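Step one of this worksheet: look at the structure below.
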Amino acid sequence: MLWEAKQRRLTDVRSYNETMNCIKSLGLCMLLLQSLRSELLEPSDVTMGTCLKACVVAVAWRDALELQEQSRATFPAANLISSSAAAKACADATAWKVALQLFASFRTQRLEASARSATSLARGCGAAEGGAWRWALEFEVEKDVILSSAQIGACAPRVWHLAHWRLEQMKKHELQPTLMTYNIVLTNTDKYWKASMEFIAELQSLSLQPDAYSWSHTIHAGAQWQRSLWLLGHCNTLICRNAALSVLEKADRWQRALFLLHSEDEKDLTGFNAAISACQKRGEWQLALSLMAEAWDAELQLDEISYNAAMAACGKGQEWQMALELFQELRQLRRFQPLVDPYSWGSIVAAMAWATEWQQALVLWTQSTAEWRGDVQRAKEGPVIANACMSALEKASQWQRALQIFSALRKPTLQSFGPLVSSCAKAREWRQALEFLSLSRLRRFAPSLELYGPALSAAAIGRAWRLAQRLLTELQQQRLGVAALNDAAMAAELAMGASRGPGTMVPLTLG
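With the first letter of the sequence shown counted as 1, position 141 gets the number 689 in this note's numbering; the numbers rise by one all the way through.
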């Protein structure tokens, strides 16, 4: 391409600019820029702007920053354009911290950022982890509907009331929210069914027609399966049926899920996966395999979600050999990607745990560790498999083996401590159980029933009733359900009574 450009006799900056604008490829634009300078020609602001546009398209934020520095020194008048383009490239590349620095420089130079670059940065802050989303609300650019929608999307998943406030601010500034704006809000109202219905009504009052995405988010809201099926009458599309299937799966209504799946001819993998997952919860492994076969017949490419759910169904149905066959089939399908997804490894190990095949779980954990040795990125997901393996060992009262796996973890999670504390408690190694509880506290894990339940039993076995009472109080402060707290207290009382002999229970009181 560069040779062709020279054949065209690119002798002036204008001809270079025209060629760059036609190419729009970052690599070739950078080569042409180098060629232009080698001809002792000075790039114009149009030249630099074209290269910056190519950086934005290629999400090459480092190149964009370098070009922005060159452009700022040579063309001060074009500083806003070049800086905005660089900021957009940084935001699109999730280099949002660098983009924020550029926006801060706008204020010191009294420049007004473009709504387009601010929108990209708002989206980048929203996608980033931690508290980056707060920065999305700081941008003071010319009022823009798309930017406001991006700001709503940044804060909605974390602080829903702020998203609602931003929506009201749009109306106050006479900005007409679009269907996209409302869909962003509806995406994050999963726990607020009434609010979802109010937004749907508000949409209709503005003469905006809710689409399939609007209704699907509303169907998800509240996760009430009866309500979801009623809402399906307003928009019986594939995406809405899939939303209802997801609600039925979470509500453990596998029979209704199967009926809904087969009520229409149009089906996709998302719907099949929801139905397979619904069967998995009840260990209906034969139905899960039947649905997989049906998906194959429909020429749908099964994915990890399909196999993971089917393996779990087989494990719960005590068909661990079938679960292994499915896992090997998945590995064969991913033969060009030998390192199978960590969650698939976790699913097959969990299947062994449900089938009480702890030896098989241990073999699979060892195999996964060997395959991932040296792979730092995948090693981060190691706790997923280790936790499943420790659950299998906990069910078999193999606390010492569980301890070996725990010791091999670089960064244990909260889910790593639960099976370990439980296995120690079952083996009546109450001191070990309480030591691991203390270790979880040092790592600042919040109290949970999965962790404190077995710890309560361990304290009861060791007749440390004051400690048991304190643990129960800490659980109560987490505002868990009364039934869950009563179950934990009863388990501890039974364990204490068993350790002392008949008729020697010490009651543990709530509050």
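Ideal placement from N, C-alpha and C gives every residue a C-beta, glycine not left out. All values derive from a computational prediction rather than experimental measurement.
Is the Cβ-Cβ distance between residue i and residue j less than 8 Å?
i        : j        : result
Leu-957  : Cys-937  : no
Ala-823  : Cys-862  : no
Gly-819  : Asn-790  : yes
Leu-817  : Leu-793  : no
Glu-942  : Ser-970  : yes
Trp-913  : Ala-934  : yes
Glu-905  : Trp-868  : yes
Ala-975  : Ser-1005 : no
Ala-1003 : Leu-982  : yes
Trp-833  : Gly-865  : yes
Asn-736  : Tyr-761  : no
Asp-813  : Glu-852  : no
Leu-715  : Val-733  : yes
Leu-878  : Ser-892  : yes
Ser-825  : Cys-788  : no
Leu-1019 : Ala-1007 : yes
Leu-951  : Leu-968  : yes
Leu-581  : Cys-599  : yes
Val-561  : Leu-584  : yes
Between the options, which has its C-alpha nearest residue i's C-alpha?
i        : options                                : result
Thr-1021 : Ile-1009, Trp-778, Leu-997 and Asn-784 : Leu-997
Gln-774  : Lys-798, Thr-785 and Ser-755           : Lys-798
Asp-611  : Ser-592, Cys-577 and Ser-583           : Cys-577
Pro-995  : Leu-581, Arg-1014, Ala-805 and Gln-963 : Gln-963
Arg-779  : Ile-787, Lys-719 and Ile-767           : Per the sequence presented here, residue 779 reads as Leu, with Arg not at that position. Of Ile-787, Lys-719 and Ile-767, the residue nearest in Cα terms is Ile-767.
Ser-811  : Asn-821, Thr-785 and Arg-830           : Thr-785
Ile-1084 : Ser-592, Glu-977 and Leu-968           : The structure shown has nothing for residue 1084, since the chain only spans 549 to 1059.
Asp-800  : Leu-584, Cys-827 and Gly-781           : Cys-827
Ala-860  : Leu-874, Gln-582, Gln-849 and Glu-716  : Leu-874
Ala-871  : Val-561, Ser-776 and Gly-894           : Gly-894
Thr-961  : Arg-1011, Pro-591, Ser-945 and Pro-931 : Pro-931
Gly-831  : Asn-821, Leu-806 and Trp-802           : Trp-802
Ala-916  : Gly-575, Ala-944, Ile-953 and Arg-949  : The sequence given here has Ser at residue 916, not Ala. The candidate whose alpha carbon is nearest that of Ser-916 is Ile-953.
Thr-726  : Leu-588, Asp-759 and Met-568           : Asp-759
Ser-563  : Lys-601, Ile-748 and Val-594           : Val-594
Ser-592  : Met-568, Phe-965, Lys-829 and Phe-984  : Met-568
Ser-945  : Glu-919, Gln-907 and Gly-597           : Gln-907
Residue i by DSSP, collapsed to three states: which one?
i        : result
Val-1030 : In this prediction, Val-1030 has a pLDDT of 46, which is less than 50 and means its spatial position is unreliable; what the coordinates show is noted afterwards. In the structure shown, Val-1030 sits in a helix (DSSP, three-state: H, G or I).
Gly-831  : coil
Gly-966  : helix
Tyr-730  : helix
Phe-747  : helix
Thr-1065 : Outside the displayed range of the chain (549 to 1059) lies residue 1065, so it cannot be described from this structure.
Phe-993  : coil
Arg-882  : coil
Pro-931  : helix
Met-917  : This sequence places Thr at residue 917; Met is not what is there. DSSP places Thr-917 in helix when its eight states are reduced to three.
Asn-821  : helix
Asp-560  : coil
His-721  : coil
Trp-868  : helix
Glu-566  : helix
Tyr-761  : helix
Thr-735  : helix
Ala-791  : helix
Trp-644  : Confidence at Trp-644 is low in this model, with a pLDDT of 47, below 50, so its placement is unreliable and the value that follows should be read with caution. Here Trp-644 sits in helix by DSSP.
Gly-597  : helix
Ala-661  : Confidence is the limiting factor: at Ala-661 the pLDDT is only 49, short of 50, which leaves the residue's position unreliable, though a coordinate-based value still follows. Residue state, collapsed to three classes: coil.
Lys-815  : coil
Tyr-1000 : helix
Gly-1010 : coil
Leu-941  : helix
Arg-976  : coil
Glu-797  : helix
Quick check on the DSSP output: the alpha helix (DSSP H) that includes residue i runs from which residue to which?
i        : result
Asn-784  : Where Asn-784 is concerned, there is no enclosing alpha helix (DSSP H), given that its DSSP letter is neither H nor E.
Glu-1022 : 1013-1025
Leu-809  : 802-809
Pro-890  : 890-902
Asn-856  : 852-864
Ala-950  : 947-956
Could one say the Cβ of residue i lies closer than 8 Å to chain D's Cβ atoms, at least one of them?
i       : result
Trp-844 : In the structure shown, chain D does not exist; there is a single protein chain.
Nearer than 7 Å: is that true of the beta carbon of residue i relative to any heavy atom of the ligand NAD?
i       : result
Glu-877 : As for the ligand NAD, it is missing from this structure, which has no ligand bound.
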